[in-house]
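*Asks:*
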Amino acid sequence: MTKTVYVLNGPNLNLLGTREPQVYGSQSLADVEQLCAAACVRHGLALVFRQSNHEGALVDWIHEAGRLHATGQLAGVVLNAAAYTHTSVALLDAVKGTGVPLVELHISNVHARESFRHHSYLAAAARAVMCGFGVQGYALAIDGLAQW
Ligand code: CA2
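In this note's numbering, each residue carries its 1-based index in the sequence shown increased by 21.
1. Below 7 Å, is the gap between the Cβ of Ile-163 and the nearest heavy atom of the ligand CA2?
2. Pairs of beta-carbons, one from the region 122 to 134 and one from the region 57 to 65, closer than 8 Å: are there three or more?
3. Would His-90 and Val-121 qualify as a contact pair, given that the criterion is a beta-carbon distance under 8 Å?
4. Pick helix, strand or coil for Arg-134, following the three-state DSSP scheme.
5. For the beta strand (DSSP E) holding Arg-148, just list the boundary residues, first then last.
6. Cα-Cα, which of Gln-168, Gly-153, Asp-164 is closest to Gly-46?
7. Drop a sphere of 10 angstroms on the beta-carbon of Leu-166, count the other beta-carbons inside from all chains shown, and report buried for 16 or more, exposed for fewer.
8. Starting from Gly-41, trace the alpha helix (DSSP H) both ways and give me its first and last residue.
9. Is Gly-97 helix, strand or coil when you go by DSSP?
10. Just mark Lys-24 as buried or exposed, buried being the case when its beta carbon has 16 or more other beta carbons within 10 Å.
11. Below 7 Å, is the gap between the Cβ of Arg-40 and the nearest heavy atom of the ligand CA2?
12. Which residue comes first and which comes last in the alpha helix (DSSP H) that contains Ala-60?
13. Could you check if Ile-128 belongs to the surroundings of the ligand CA2, using beta carbon to heavy atom distance under 7 Å?
14. So, is Glu-125 buried or exposed, given that buried needs 16 or more other C-beta atoms within 10 angstroms?
The following block contains the structure:
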């Protein structure tokens, strides 16, 4: 049975490649989706790739992934919750409530940036945390969860 990877992206990541290239690089979110698709092909996984600027949409998609997890059809969730990483108890509760195996991902090294980016509500519920590899981190995260 083919398992599915959910790659979920939070607020403002639709702007990727348009501004702040020194922090986030110059590739667009569509380019990131291609990186993820290629990684999934390598591992024989199906891909669901989404972005939203709305916290509740991200919660709903974690629940959706949780239903696949309950039936053994989920490989894992790669979540770049963007700014919600640093604010959202709702996303933490969604991950805990569904039990989805989570990779928390950041394009930049959040620990080398402003102190408000150093704390993550999600890290406590994540199976792995990755940051600082640029957009290539998405493919590395899929490579990692494919071994779970
Ligand atoms: O490094 C990351 O991936 C972040 O999750 C990105 C978030 C930031 O709030 C986190 O602290 C770290 C910001 C995403 C906004 O992305 C933009 C990309 C290009 C232009 C403007 C925003």
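Glycine is no exception: its CB is placed at the ideal position from the N, C-alpha and C atoms.
*Replies:* Quick answer:
1. Residue 163 sits at position 142 when you count from the first residue of the sequence shown. The answer is no for Ile-163.
2. In short, these stretches do not touch, since the Cβ pair count stays below three.
3. Your numbering for residue 90 matches position 69 in the sequence shown. Your numbering for residue 121 matches position 100 in the sequence shown. Closer than 8 Å, so yes.
4. Walking along the sequence shown from the start, residue 134 turns up at place 113. Reduced to three states, the DSSP call for Arg-134 is coil.
5. The sequence position of residue 148 within the sequence shown is 127, counting from 1. Arg-148 -> no beta strand (DSSP E), and no H or E assigned at all.
6. Locating residue 46 in the sequence shown gives position 25, where the first residue counts as 1. Scanning Gln-168, Gly-153, Asp-164 for the CA closest to the CA of Gly-46 turns up Gly-153.
7. As a first step, residue 166 is located in the sequence shown; it is residue number 145 there, counting from the start. Answer is buried; the Cβ neighbour count reaches 16.
8. Position 20 of the sequence shown holds residue 41. According to the sequence as given, residue 41 is Glu; it is not Gly. No alpha helix (DSSP H) holds Glu-41; DSSP gives it neither H nor E.
9. Locating residue 97 in the sequence shown gives position 76, where the first residue counts as 1. If DSSP states are grouped into helix, strand and coil, Gly-97 belongs with the strands.
10. Counting from one through the sequence shown, the residue named residue 24 turns up at place 3. Answer is buried; the Cβ neighbour count reaches 16.
11. What you label residue 40 is simply residue 19 of the sequence shown in a count that begins at 1. It does: the Cβ of Arg-40 is within 7 Å (strictly closer) of some heavy atom of the ligand CA2.
12. As a working mapping, residue 60 is identified with position 39 in the sequence shown. Where Ala-60 is concerned, the enclosing alpha helix (DSSP H) starts and stops at 50 to 64.
13. Residue numbering aside, residue 128 sits at position 107 when the sequence shown is read from its first letter. Yes, the ligand CA2 has a heavy atom inside 7 Å of this Cβ.
14. By 1-based counting over the sequence shown, the position of residue 125 is 104. Result: buried.
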